[in-house]
Every structure is written in structure tokens, then in C-alpha cells.
Amino acid sequence: MADPIAALSPHFSRALAAAFGAEHAGQDPMLRPSNRADLQSNAAMPLAKKVKRAPREVAEALVAHLDSPDFTRIVERVEVAPNGFINLTLSPAWLGTAVDEVAADARLGVATPARSQTVVIDYSAPNVAKEMHVGHLRSTIIGDALARLLEHVGHRVIRQNHIGDWGTPFGMLIEHLLDVGEKEAVAELSVGDLNAFYKQARDKFDSDPAFEARSRQRVVLLQGGDKDTLAQWRLLIDQSRQYFATAYRRLGVTLQDGDICGESFYNRDLQAVVDELQQKGLATVSDGALCVFPPGFTNKDGEPLPLIVRKSDGGFNYAATDLAAVRHRVGTLHADRALYVVGAPQRQHFAMVFWTAREAGWLPASADFQHVQFGSVLGPDKKMFKTRAGDSIRLIDLVDEATERALAVVTEKNPTLDEATRGDVARMVGVGAVKYADLSSDRVKDYVFDWDQMLAFEGNTAPYLQYAHARIRSIFRRAEGQAADLGAARVSVAEPAERALCLELLAFGTVVHGIGDTLQPHKLCTYLYGLAAAFSGFYEKCPVLKAPTPELVRSRLVLCDLTARVLARGLELLGIEAPAQM
Numbered sequence: 008m009a010d011p012i013a014a015l016s017p018h019f020s021r022a023l024a025a026a027f028g029a030e031h032a033g034q035d036p037m038l039r040p041s042n043r044a045d046l047q048s049n050a051a052m053p054l055a056k057k058v059k060r061a062p063r064e065v066a067e068a069l070v071a072h073l074d075s076p077d078f079t080r081i082v083e084r085v086e087v088a089p090n091g092f093i094n095l096t097l098s099p100a101w102l103g104t105a106v107d108e109v110a111a112d113a114r115l116g117v118a119t120p121a122r123s124q125t126v127v128i129d130y131s132a133p134n135v136a137k138e139m140h141v142g143h144l145r146s147t148i149i150g151d152a153l154a155r156l157l158e159h160v161g162h163r164v165i166r167q168n169h170i171g172d173w174g175t176p177f178g179m180l181i182e183h184l185l186d187v188g189e190k191e192a193v194a195e196l197s198v199g200d201l202n203a204f205y206k207q208a209r210d211k212f213d214s215d216p217a218f219e220a221r222s223r224q225r226v227v228l229l230q231g232g233d234k235d236t237l238a239q240w241r242l243l244i245d246q247s248r249q250y251f252a253t254a255y256r257r258l259g260v261t262l263q264d265g266d267i268c269g270e271s272f273y274n275r276d277l278q279a280v281v282d283e284l285q286q287k288g289l290a291t292v293s294d295g296a297l298c299v300f301p302p303g304f305t306n307k308d309g310e311p312l313p314l315i316v317r318k319s320d321g322g323f324n325y326a327a328t329d330l331a332a333v334r335h336r337v338g339t340l341h342a343d344r345a346l347y348v349v350g351a352p353q354r355q356h357f358a359m360v361f362w363t364a365r366e367a368g369w370l371p372a373s374a375d376f377q378h379v380q381f382g383s384v385l386g387p388d389k390k391m392f393k394t395r396a397g398d399s400i401r402l403i404d405l406v407d408e409a410t411e412r413a414l415a416v417v418t419e420k421n422p423t424l425d426e427a428t429r430g431d432v433a434r435m436v437g438v439g440a441v442k443y444a445d446l447s448s449d450r451v452k453d454y455v456f457d458w459d460q461m462l463a464f465e466g467n468t469a470p471y472l473q474y475a476h477a478r479i480r481s482i483f484r485r486a487e488g489q490a491a492d493l494g495a496a497r498v499s500v501a502e503p504a505e506r507a508l509c510l511e512l513l514a515f516g517t518v519v520h521g522i523g524d525t526l527q528p529h530k531l532c533t534y535l536y537g538l539a540a541a542f543s544g545f546y547e548k549c550p551v552l553k554a555p556t557p558e559l560v561r562s563r564l565v566l567c568d569l570t571a572r573v574l575a576r577g578l579e580l581l582g583i584e585a586p587a588q589m
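If you use the numbering used here, the sequence shown closes out at 589, no skipped numbers anywhere.
Here it is as C-alpha cells:
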């Protein structure tokens, strides 16, 4: 077992039971990395209150039972601090063997779960015939990172791109399409200028009463299943799908056309949702609209807040669609868990939807449905990130600018790279910088979009980690025959910098599994930054190719190779590529 915390936890459980009774065997040993030793246990503190003894006395009694041969094989030294902390120094031989195990493991120490879950992840969700802009950035990037990570852990991940492809705006969009002609509309939409098409339709709707009347009638035809209207609607959908696919490909996102499951998909189920809510006594008519009033939700005046499922004009509200989606994801997709990667302003809406779905019997207690909320992207002025004209920034334009800026940085950093390689590296660095800037901050907080900071080769940035990976790979280009058949090499741990690097490498599996539970990608970023820093310290203090013996050269090359592999895998889980040279 390569993870020292996992390896030591059973020993602490047995010692707790032997020293204080079987009822304490399940207590968390509270093993954590420490700057005083390799690991530290804080188990004595909470236990001291229970048994009414001093923390140090409790710690000493616990340590007295940590004496099995298997424990002493793992731990070289145990010390009890005056405050009751138990400091543990791991055996160099055990550390080396544990790192050898991870180096030989294609999964790099990420264990598969005892039970694989089906996890539905709802993310990105752009609107048909409208531009993907910076407002879609966080949902798309965070959702894709979580999908990659949970899939890698061993869960069955079902991506759901809940696009806006139904509703009243399609009346004006279809009428505008008919006005300009199908051929011209396709030509305009195919170049990716969705905003212009939408704006033209909206301007006509707002200024031309006859166009407005036609648009409203077109909505009736669309909802009634009129053949010609549906054909025009599908044309809009197809053009938008192609545009979305281009944006996802440029951004390096795993969403595919088959992952699209838009609002229109649930249209056939909305009446059944409303009927069941009424039959179960959950929905009542209020001011002509059919509403559910979940307890505990009130407006600013303290009045009950409605979840409107059918509007007073008879049209279904998006709450009905979200409830239909819950039914589908549990009943058809068999979701054990569902993650809704949607901005923080929708927190109350999803809380009300989930409560209603549980009361209706569509969402069983065994299914874990979560709103994975996030903050906003801010400009340098700490306001919503927009163009100088005040418009939302197109996602495609953001990717283009990131690549252009990265090209200038990469060219300055390494002007000897050939043009094709430089362009490829610039794309990886630019897109990686944008993603990492988003993912490295706690998702629930706003963050400031700063080009200079995110493209810096120092600090907690994607370029720093990508450069660390490329730097390690350059060692192997210089190693020649010294790097042959490293699979037979064994890691030895003698220097403090070697020990520090080994401890970081062994933590990868625990970190990945933890993020699968907490859904906090920034912790993987923090880990990767710490790993790169540990490698930098190792490389500075421990000569690799000029180590004093061939065995030590090979040992340190194993550490180099494993560090590069963990960095590349960790970045991959974030949706970021790791260039072999920069």
C-alpha cells in the first residue's frame, strides 16, 4: 500500500482499541503531512476530552501500542510532542519501495473505488443561436475537469449538455431565418457570428409589431409540432451544434455532440410532471400559475416563495424542465450522483427543485444530487469581465487571444523552437493558462482574469507546471544510455530533498480521490504546484545525471520520470496538456 496514511491508519485503529477500548477503534487517527516530521497524528486531542486525561498522556498510551513489526517497517521514528501531537518519520526503505510501487502502476497510485457510481454531470449549457461567451467559461471548464477526474477514478460519467433549444425566442429566430432566406442564414451562422443573427431578430421583434405577431404565432406552431416550423428549428439547432463543437475542440473540452440533451428533450414529459405534482398535492394555483411552495423559502417580505412549474398563460416554466430532467436522470440514466455545474445565483432554484423532486418521489434518498456552484469571472476593475464596449467576450475570441499572447511568451522564452512546435506549444500554454487560472481558485469565489498573471512562468500557474514537466523531459534527452530500462531500478531515499519529493509523489492518489468527494479542483492545482516545488528543491540539491554512482543516477531518474508522469496526469485531469519541450 503506497499511501502512508492509508498504510498506517489500521495500525492506529488497533492501537486505539488496545489502549482505550474497542469503541474507539473507529476514531479518525487524524494523520496529516507535517513540517515537523513526515506525518503527524492529532488523535490524542479529541480523545483526551472523552477519556478525561491529558493529551500527552493519551498520546504516550497510544504510541505504546504502535509496536508491531509491520508498523516499525513503515515508521522509523515516533516522537510525542508536549502538546500531545504524535510525529512520525517514515522508514527510507519503506518510502523507496512505496515509490517503486507507484512508478510501476499505470494509475500512479490512484486506486479504483470499491463501488463504481453512475455520475451525471450537467455543464456548459449554451443557448442555441446565441454566442458562447465568457459567462460559459467556468461551467465548461469546471464541469469538464470534474468529468475527467471522476472518470479517471473509476466512475461511469454521463455528460449532459443541457443547451437552451426551446422556448419563445425561437419564434423570432425562425421568422428572421425565413425573412433572410435559409441559404443566407446558414452562411451567416456557419461563420460563427451567432450574436449578429440573434441581435437582428431581437431588433425586429422589438421594433416591428407585425414581425412580433408572426413570431408569437410561430411559437404556437413550433409547440404544436408543425412540420415546416420544426424543420427550420432543426436547422438552427444543427448550425449551433457545429459552432459549439468548434468551441469545445478549441478549448480542449471532452463534450461531444452526443452529450447534448437540451430543454426540448424533456418537452414530452412536462405535462406528466405537472399532473403528478397535482395528484400528489404538491402543486397549487397561485395568481393563475401552478406553483410548488417548498418550506423555508421566502421572498424579501417573508412571503412563501413559489417554484413556478406552469405559467399563468399555460406555458411550462424552466422549473418543470429541471424536474423532468431529475426524473430522467434517476429513472432512465440510473444516476447515483448528479452534479449541476451552474453559477451561484441559481443556488436557491436548485434547492427548491431538489426538494420538490424528493417530495414527489423522483429523487430517492440514495441519490446524491448536488449544485456545484461557482463565482464570477471579473476584469481588472473587479467588475464583470467584458469588452471595452461593454459586451460579453466571445469564448472563441478568448481562446484566440490566449494563444496569441502565449506565442509571444513562448517565443521569448525559447526562440530556437521551430515554427510548428512553437505554435503547438503556444496553443497548449494559452488554453492551459486560461483553464488553470479558473481551476486554481476556489470555485465558489469570484476571480480576476489577469493575462500577465496567468501566463507567468513563475508562481502557481499552468505555464510554470508545464515548464516543470518540459524541464524534466529535457533531462531524459540528455541522459542517453543512463535512462535505459528504468523499470529494473530501485529508488533509494537518503537526502531530505529526496524524501520530500517521495512524500509528494505518494500523495497523488489521496488528493485525486479527495477531490472526487469535495469537488474542489483547486486542491489538485495546489498539489501539483507543491509537487513542482518539491522537484525544484530536489533538482537543486540532488545531482541526477552526475550522481556519484550508477545506481543513484537510475534511482533519481525514476523520481524524475515519475514526477513528470504525475504532473502530466494531473494536468490532464484538469484538461490541460503538458508539452515535452517549451
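Backbone N, C-alpha and C define an ideal beta-carbon position, used for all residues, glycine too.
Small disclaimer: the values here were computed from a predicted structure and weren't measured.
For residue i, I'd like the list of residues in its chain whose CB is within less than 8 Å of its CB, leaving aside the five on either flank, ordered along the chain.
{"i": "residue 33", "result": "20"}
{"i": "residue 417", "result": "424, 429, 432, 433, 436 and 589"}
{"i": "residue 107", "result": "497, 498 and 565"}
{"i": "residue 78", "result": "15 and 18"}
{"i": "residue 529", "result": "446, 447, 448, 449 and 450"}
{"i": "residue 163", "result": "123, 124, 125 and 126"}
{"i": "residue 193", "result": "242 and 246"}
I'd like the span of the beta strand (DSSP E) that includes residue i, first residue to last.
{"i": "residue 375", "result": "375 to 379"}
{"i": "residue 347", "result": "344 to 348"}
{"i": "residue 167", "result": "163 to 167"}
{"i": "residue 487", "result": "Per DSSP, residue 487 belongs to no beta strand (DSSP E) and is neither H nor E."}
{"i": "residue 48", "result": "46 to 48"}
{"i": "residue 128", "result": "125 to 129"}
{"i": "residue 38", "result": "38 to 40"}
Apart from the five residues just before and just after residue i, which ones in its own chain have a Cβ nearer than 7 Å to its Cβ?
{"i": "residue 109", "result": "9, 115, 116, 512, 513 and 569"}
{"i": "residue 266", "result": "166, 167 and 168"}
{"i": "residue 295", "result": "319"}
{"i": "residue 421", "result": "589"}
{"i": "residue 225", "result": "178, 181, 182 and 236"}
{"i": "residue 440", "result": "409, 413, 461, 462, 468, 469 and 470"}
{"i": "residue 523", "result": "156, 157 and 160"}
{"i": "residue 254", "result": "139, 402 and 403"}
Considering residue i, what are the terminal residues of the alpha helix (DSSP H) in which it resides?
{"i": "residue 222", "result": "216 to 230"}
{"i": "residue 443", "result": "426 to 446"}
{"i": "residue 12", "result": "11 to 27"}
{"i": "residue 189", "result": "189 to 197"}
{"i": "residue 362", "result": "354 to 366"}
{"i": "residue 391", "result": "Run containing residue 391: none; DSSP gives neither H nor E here."}
{"i": "residue 549", "result": "Residue 549 -> no alpha helix (DSSP H), and no H or E assigned at all."}
{"i": "residue 234", "result": "234 to 258"}
{"i": "residue 584", "result": "Run containing residue 584: none; DSSP gives neither H nor E here."}
{"i": "residue 173", "result": "First-last for residue 173: undefined, no H or E at that position."}
{"i": "residue 69", "result": "62 to 70"}
{"i": "residue 76", "result": "76 to 81"}
Report the option in the options whose CA atom is closest to the CA atom of residue i.
{"i": "residue 496", "options": "363, 503, 104 and 68", "result": "104"}
{"i": "residue 465", "options": "488, 401 and 537", "result": "537"}
{"i": "residue 300", "options": "267, 290 and 277", "result": "290"}
{"i": "residue 412", "options": "339, 326, 357 and 438", "result": "438"}
{"i": "residue 28", "options": "69, 333 and 42", "result": "69"}
{"i": "residue 502", "options": "387, 454 and 551", "result": "551"}
{"i": "residue 121", "options": "132, 160 and 96", "result": "160"}
{"i": "residue 261", "options": "268, 269 and 252", "result": "252"}
{"i": "residue 174", "options": "40, 142 and 135", "result": "135"}
{"i": "residue 99", "options": "576, 153, 88 and 84", "result": "84"}
{"i": "residue 101", "options": "531, 526, 509 and 527", "result": "509"}
{"i": "residue 481", "options": "555, 562 and 587", "result": "587"}
{"i": "residue 239", "options": "272, 119 and 172", "result": "172"}
{"i": "residue 488", "options": "370, 526 and 560", "result": "560"}
{"i": "residue 379", "options": "293, 41 and 130", "result": "130"}
For residue i, which residues in the same chain have their Cβ closer than 6 Å to its Cβ, ignoring the five residues on either side in sequence?
{"i": "residue 534", "result": "518"}
{"i": "residue 66", "result": "51, 87, 91 and 93"}
Quick test of your reading: residue i and residue j, contact by CB under 8 Å. State the CB separation rounded to the nearest angstrom.
{"i": "residue 93", "j": "residue 48", "result": "4 Å"}
{"i": "residue 139", "j": "residue 402", "result": "4 Å"}
{"i": "residue 382", "j": "residue 351", "result": "6 Å"}
{"i": "residue 456", "j": "residue 386", "result": "6 Å"}
{"i": "residue 331", "j": "residue 360", "result": "That belief does not hold up - the Cβ atoms of residue 331 and residue 360 are roughly 11 Å apart, past 8 Å."}
{"i": "residue 128", "j": "residue 152", "result": "Not really, about 10 Å apart at Cβ, beyond 8 Å."}
According to DSSP, which residues form a beta bridge with residue i?
{"i": "residue 298", "result": "291 and 315"}
{"i": "residue 401", "result": "140"}
{"i": "residue 94", "result": "47 and 86"}
{"i": "residue 134", "result": "171"}
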